[in-house]
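Start counting the sequence shown at 1; every next residue gets the next number (the UniProt record's numbering).
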Amino acid sequence: MRYLLRRKEIIGLIFLLAVSVFLRLSNLSYSEFQGDEIRALYVKGAPLTEFLLSQKKGPIQFLVTFAVSLFSERYDEFITRSPFFLAGVLSVFIFYFFIRQMYGKKVALLSSLFLSVNGFFVAFSRIVQYQSFTFLFYLLSLFFFEKLRRSKKLLHLILSFIFLGLGLLAHYDGAFVLLIVAYFLYQWLKGGFLSKKLYFLFFGFLIFTILVSLFYVPFLTSSSFSNTKSYLFERLEGGVDKVSDTSVTFKLYNPLFTYYFLILFFVAGVIFGNRKLLPMFLWLLPSFITLNFIASVPGTHIYNYLPPTIVIASYGIVAVYKLLENQVIKITYGLGVSLAFLFFLYQSYLIFVDHEVEYPWAEKKILFWKVSMPSDYYHLSIFGFPYNRRLKEANEFIRTNESVASVLSNEGDKLIKYYIKPLKDPMSKYDLYIYVYNSQSLLRKKSGRVKNQAPIESFYDDNGNLLTEVYLVRRKL
Numbered sequence: 001m002r003y004l005l006r007r008k009e010i011i012g013l014i015f016l017l018a019v020s021v022f023l024r025l026s027n028l029s030y031s032e033f034q035g036d037e038i039r040a041l042y043v044k045g046a047p048l049t050e051f052l053l054s055q056k057k058g059p060i061q062f063l064v065t066f067a068v069s070l071f072s073e074r075y076d077e078f079i080t081r082s083p084f085f086l087a088g089v090l091s092v093f094i095f096y097f098f099i100r101q102m103y104g105k106k107v108a109l110l111s112s113l114f115l116s117v118n119g120f121f122v123a124f125s126r127i128v129q130y131q132s133f134t135f136l137f138y139l140l141s142l143f144f145f146e147k148l149r150r151s152k153k154l155l156h157l158i159l160s161f162i163f164l165g166l167g168l169l170a171h172y173d174g175a176f177v178l179l180i181v182a183y184f185l186y187q188w189l190k191g192g193f194l195s196k197k198l199y200f201l202f203f204g205f206l207i208f209t210i211l212v213s214l215f216y217v218p219f220l221t222s223s224s225f226s227n228t229k230s231y232l233f234e235r236l237e238g239g240v241d242k243v244s245d246t247s248v249t250f251k252l253y254n255p256l257f258t259y260y261f262l263i264l265f266f267v268a269g270v271i272f273g274n275r276k277l278l279p280m281f282l283w284l285l286p287s288f289i290t291l292n293f294i295a296s297v298p299g300t301h302i303y304n305y306l307p308p309t310i311v312i313a314s315y316g317i318v319a320v321y322k323l324l325e326n327q328v329i330k331i332t333y334g335l336g337v338s339l340a341f342l343f344f345l346y347q348s349y350l351i352f353v354d355h356e357v358e359y360p361w362a363e364k365k366i367l368f369w370k371v372s373m374p375s376d377y378y379h380l381s382i383f384g385f386p387y388n389r390r391l392k393e394a395n396e397f398i399r400t401n402e403s404v405a406s407v408l409s410n411e412g413d414k415l416i417k418y419y420i421k422p423l424k425d426p427m428s429k430y431d432l433y434i435y436v437y438n439s440q441s442l443l444r445k446k447s448g449r450v451k452n453q454a455p456i457e458s459f460y461d462d463n464g465n466l467l468t469e470v471y472l473v474r475r476k477l
């Protein structure tokens, strides 16, 4: 019997691996780098310490791209994204084993499967950004802190604090787990041998403090920290002229029924979970309160409270199943949950992997329903979706043309500067104007300077859809 259970678990983990890898690895190199990905790239030749201290976030993502730069002449999209893909897949499995320790195999497998197909975690595993490593490191921290309650091993305490420090070095989001960490430490401390444990706790905290201080002490005292403060205050107090709505952001990455499915079973989890789910609420509440009631521009940081939300919902699914006595109803219920998962899997495939129609830049059909970009009335944080405007081919064409004084575009400056490198001559009579259809900047209007003017070249996708136009515009001297 134990062998059969073990074999079932292995089959479940193989399926989890297949789903996680498929959604994250397929067509990983298709999209051009997006704006925030370019910001995460180490600038080759820059003094590393100076470069790290000039950024607005922790150093992990920049150290990863620095490592990539040591082995590659240029930042190939697939190679540069690969470490983040691996971190994303690994985090799904650490999540499984962490939840398994607390709530058993059924809740762990359900939670991990729903996490593996959630749009946020698929998207973040497909781009060069901090989220995959932040999540991985603070998950490892929680895994070892929870393990410490039973093992009482100093090694687990040290590893817990090391990974907690690495999570904070990846991003400030790592601080959202401090309340559940405090809970695990309290549970460990009340088990006896208090004086000895306090000594070990001091030792572990010292390692954590040293690790975090190596970066944050010089970072907080650097002259460039004023820019970071402005960035953080803008997130907390506003500074944008659009409305932020976390439900709109969630539905952008998980359209149609995911939102309501999670809420339904989250309520079931709350009803049947009692005190067992206290650690999940201690994980959920700091980020939920901060991002929904304090921060004016929470953006995609709401991913931080989704893992505990998914666990509570999965607990609710299992609890409802156990209440059902009629075998036919049980089978029907199980099939319904399975079909919901398969739908979410298919939905994430269409949204993040398939690029015949690039959602959310264009309306896309998922079975019988159409999904599209939310209104530009809202502040939208758009990362990880398919996006290819043939900018590399446009650059090859541009490099064969005459010199220009400057490059203008409706697309974001960082993206254009990264991919478009024309021959420059400040004395040239021409500027280059690049119009990108369905741009990441969401600017749709063409410059008046190209009104009634034909482009010198146009670029199309494989289906004949117009993507990018290149104009040579005479300067006003």
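Built from N, CA and C at the ideal position, the CB exists for glycine as well.
For residue i, the three-state DSSP class (helix, strand or coil)
{"i": "Phe343", "result": "helix"}
{"i": "Met1", "result": "Only weak support exists for where Met1 lies, its pLDDT of 43 falling under 50; the value from the coordinates is given anyway. The answer is coil: DSSP assigns Met1 none of H, G, I, E or B."}
{"i": "Leu443", "result": "coil"}
{"i": "Arg474", "result": "strand"}
{"i": "Trp188", "result": "helix"}
{"i": "Glu325", "result": "coil"}
{"i": "Val107", "result": "helix"}
{"i": "Trp283", "result": "helix"}
{"i": "Val371", "result": "strand"}
{"i": "Tyr433", "result": "strand"}
{"i": "Ser132", "result": "helix"}
{"i": "Ile127", "result": "coil"}
{"i": "Tyr349", "result": "helix"}
{"i": "Phe121", "result": "helix"}
Closest residue to residue i among the options (Cα-Cα distance)
{"i": "Val407", "options": "Tyr387, Lys429, Asn388", "result": "Lys429"}
{"i": "Phe205", "options": "Asp76, Val181, Ser381", "result": "Val181"}
{"i": "Val311", "options": "Gln101, Ala18, Ser409, Leu391", "result": "Gln101"}
{"i": "Tyr138", "options": "Arg6, Phe163, Leu70", "result": "Phe163"}
{"i": "Asp425", "options": "Ser403, Ser141, Ser409", "result": "Ser403"}
{"i": "Leu168", "options": "Lys365, Gly58, Val473, Phe341", "result": "Gly58"}
{"i": "Thr249", "options": "His301, Tyr30, Ile456, Asp461", "result": "His301"}
{"i": "Phe184", "options": "Ser160, Phe193, Val243, Lys242", "result": "Ser160"}
{"i": "Ser223", "options": "Gly273, Val270, Lys56", "result": "Lys56"}
{"i": "Gly412", "options": "Thr228, Glu37, Glu9, Asn27", "result": "Glu37"}
{"i": "Thr400", "options": "Glu457, His171, Glu363, Trp283", "result": "Glu457"}
{"i": "Leu466", "options": "Gln453, Ser439, Val212, Val19", "result": "Ser439"}
{"i": "Ala67", "options": "Gly174, Val128, Ile398", "result": "Val128"}
{"i": "Arg6", "options": "Ser72, Leu262, Asp76, Lys106", "result": "Lys106"}
{"i": "Lys451", "options": "Tyr199, Leu13, Val473, Phe272", "result": "Val473"}
{"i": "residue 492", "options": "Thr228, Phe62, Val19, Val357", "result": "One cannot answer for residue 492 here, as it falls past the ends of the chain, which runs 1 to 477."}
{"i": "Ile366", "options": "Lys330, Lys445, Phe343", "result": "Phe343"}
Exposed unless 16 or more other CB atoms sit within 10 angstroms - verdict on residue i
{"i": "Val470", "result": "buried"}
{"i": "Glu325", "result": "exposed"}
{"i": "Gln347", "result": "buried"}
{"i": "Met1", "result": "Reliability of the predicted coordinates at Met1 is poor, the pLDDT of 43 falling under 50, and no value is obtained from them."}
{"i": "Lys147", "result": "buried"}
{"i": "Asn304", "result": "buried"}
{"i": "Pro360", "result": "buried"}
{"i": "Pro218", "result": "exposed"}
{"i": "Gln327", "result": "exposed"}
{"i": "Leu284", "result": "buried"}
{"i": "Val267", "result": "exposed"}
{"i": "Val243", "result": "exposed"}
{"i": "Met427", "result": "exposed"}
{"i": "Asp173", "result": "buried"}
{"i": "Phe121", "result": "buried"}
Beta-carbon gap between residue i and residue j smaller than 8 Å
{"i": "Leu189", "j": "Lys197", "result": "yes"}
{"i": "Ser91", "j": "Leu16", "result": "no"}
{"i": "Ser447", "j": "Tyr437", "result": "no"}
{"i": "Leu252", "j": "Leu380", "result": "yes"}
{"i": "Arg24", "j": "Val89", "result": "yes"}
{"i": "Tyr387", "j": "Ser31", "result": "yes"}
{"i": "Tyr130", "j": "Ile60", "result": "yes"}
{"i": "Leu179", "j": "Pro255", "result": "no"}
{"i": "Ile277", "j": "Tyr315", "result": "What sits at residue 277 in the sequence shown is Leu, not Ile. Yes, the pair counts as a contact, with Cβ atoms nearer than the cut-off."}
{"i": "Met136", "j": "Ala175", "result": "Checking the sequence, you will find Leu at residue 136 rather than Met. Cβ atoms of Leu136 and Ala175: not closer than 8 Å."}
{"i": "Phe459", "j": "Ala394", "result": "yes"}
Length-filtered (4 minimum) alpha helix (DSSP H) runs lying within the stretch 137-185: 154-170
List, from N- to C-terminal side, the alpha helix (DSSP H) runs of 4 residues or more that fit wholly inside the stretch 240-272. 246-253
Counting only runs that start and end within the stretch 402-428, where is the alpha helix (DSSP H) found for 4 or more residues in a row? Runs of the alpha helix (DSSP H) inside the stretch 402-428: 413-419.
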